[in-house]
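Participant: Structure provided below as structure tokens; questions to follow.
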Amino acid sequence: MKYIAIIPARYASTRFPGKPLALLGGKTVIQRVYEQATSVLDEAWVATDDERIQKAVEQFGGRVVMTRADHKSGTDRIEEAAEKIGTDADVIINIQGDEPFVQPSQIKTLMQLFDNADTQIGTLGKRFEDMAAVNNPNSPKIATDRQGFALYFSRSVIPYVRGAEQAEWLSRFPYLKHLGIYAYRREVLHEITQLPQSPLELAESLEQLRWLENGYRIRVGLTDAETVGIDTPEDLQRAETFLKEMQG
């Protein structure tokens, strides 16, 4: 089975313009993401619509492909990039361009999900550690079946634990946080990018619900590794601290 990573990276961001080129420990965020991907995979590409990002990737010796500027999602950008690259990979891994701490163990866990022939799409979940985090609508929750396939993703707290105070819920149920890293079988990636937006997706603003509503199976791998995504300049400051702690 052949795997490649494609890293979507946009310059335009409402909360943090130019974040792929922000410096983190002396390297750009996008370079750190790329290096994490290539520590596991033989082939990785950055997919961007901005020449500044293209130039930066070329300068550190990375592979980069230019894509259209009008994509509504990173998944659509990855599909165009895969077409342009002409990849023969069986599975394409989508690593967000603002996740410089994605761990090799997480990428390997994602790859192992495809040992199961029923896995069409893979993603990761991590156990929540406190109810404040569970209640955060910016941290989507996952409910899975006994085989590890996703039943639903929600910004709301799912499930509701009946007959207990909310402070006790975490001891009653292993709430699972969704981490936004995906992998898709090549043909499935092509198919899901042809689908129109769905009612559940529009309600929750979660793209993966479109795939569930159309009958695709998403297998969820479990990870204990923590990452620090970068959405704002404040996140970058936290990431600097996290990097220093990692480096000891």
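According to our numbering, the residues represented by the sequence shown are 18 to 265, in order. For each residue, glycine too, the CB sits at the ideal point set by N, CA and C.
#1: Hey, how far is the Cα of Ala99 from the Cα of Arg203?
#2: Gly165 by DSSP, collapsed to three states: which one?
#3: When we look at the beta-carbon of Tyr177 and count the other beta-carbons within 10 Å, is it buried (16 or more) or exposed?
#4: Among residues of its own chain, excluding the 5 on either side of Ala167, which ones have a beta-carbon nearer than 7 Å to its beta-carbon?
#5: Helix, strand or coil, according to DSSP, for Ala39 in the structure here?
#6: Enumerated in chain order, which unbroken segments of the alpha helix (DSSP H) with a length of 4 residues or greater are wholly contained in the stretch 194-257?
#7: Report the option in Lys36, Glu75, Leu226, Glu96 whose CA atom is closest to the CA atom of Ala22.
#8: Ignore the nearest five residues each way along the sequence and tell me which others in Leu187's own chain have a CB closer than 6 Å to its CB.
#9: Here's a check: name, in chain order, each residue in its chain whose Cβ is nearer than 7 Å to the Cβ of Asp267, leaving out the five neighbours to either side.
#10: Please determine, among Gly142, Lys44, Gln211, Asp105, the residue with the shortest C-alpha to C-alpha distance to Pro191.
#11: For Gln254, does the count of other Cβ atoms within 10 angstroms reach 16, so buried, or fall short, so exposed?
#12: Give every residue of the same chain whose Cβ lies closer than 7 Å to the Cβ of Val50, excluding the five residues on either side of it in the sequence, and list them in chain order.
#13: Per DSSP, what kind of secondary structure is Leu141 in: helix, strand or coil?
#14: With the cut-off set at 7 Å, would you say Arg172 and Glu221 are in Cβ contact?
Facilitator: Taking the structure as given:
#1: As a position in the sequence shown, residue 99 is number 82, starting the count at 1. As a position in the sequence shown, residue 203 is number 186, starting the count at 1. Cα to Cα, the separation comes out at about 9 Å.
#2: Against the sequence shown, residue 165 aligns to sequence position 148. Under the three-state reduction of DSSP output, Gly165 falls in the coil class, being neither helix nor strand.
#3: As a first step, residue 177 is located in the sequence shown; it is residue number 160 there, counting from the start. Exposed, by the Cβ-count rule.
#4: Residue 167 sits at position 150 when you count from the first residue of the sequence shown. The residues are Ile159, Thr161, Leu229, Ile235, Val237.
#5: Taking the sequence shown and counting its residues from 1, the one referred to as residue 39 is at position 22. Residue state, collapsed to three classes: coil.
#6: 203-209, 216-221, 225-230
#7: For this step, residue 22 is matched to residue 5 along the sequence shown. With distances taken between Cα atoms, Ala22 lies closest to Glu96.
#8: As a first step, residue 187 must be located in the sequence shown, where it is residue number 170. Met148.
#9: No information on residue 267 is available, as it lies outside the stretch 18 to 265 that the chain covers here.
#10: Residue 191 sits at position 174 when you count from the first residue of the sequence shown. Closest by alpha carbon: Gly142.
#11: In the sequence shown, residue 254 corresponds to position 237, counting from 1. Gln254 is exposed by the Cβ-count criterion.
#12: Position 33 of the sequence shown holds residue 50. Cβ-Cβ distances below 7 Å link Val50 to Ile24, Ile112, Gly114, Glu116, Pro117, Val119 in the same chain, with the five nearest sequence neighbours on each side left out; the list follows chain order.
#13: Taking the sequence shown and counting its residues from 1, one reaches residue 141 at position 124. Leu141: strand per DSSP, three-state reduction.
#14: Counting from one through the sequence shown, the residue named residue 172 turns up at place 155. Counting from one through the sequence shown, the residue named residue 221 turns up at place 204. Cβ atoms of Arg172 and Glu221: closer than 7 Å.
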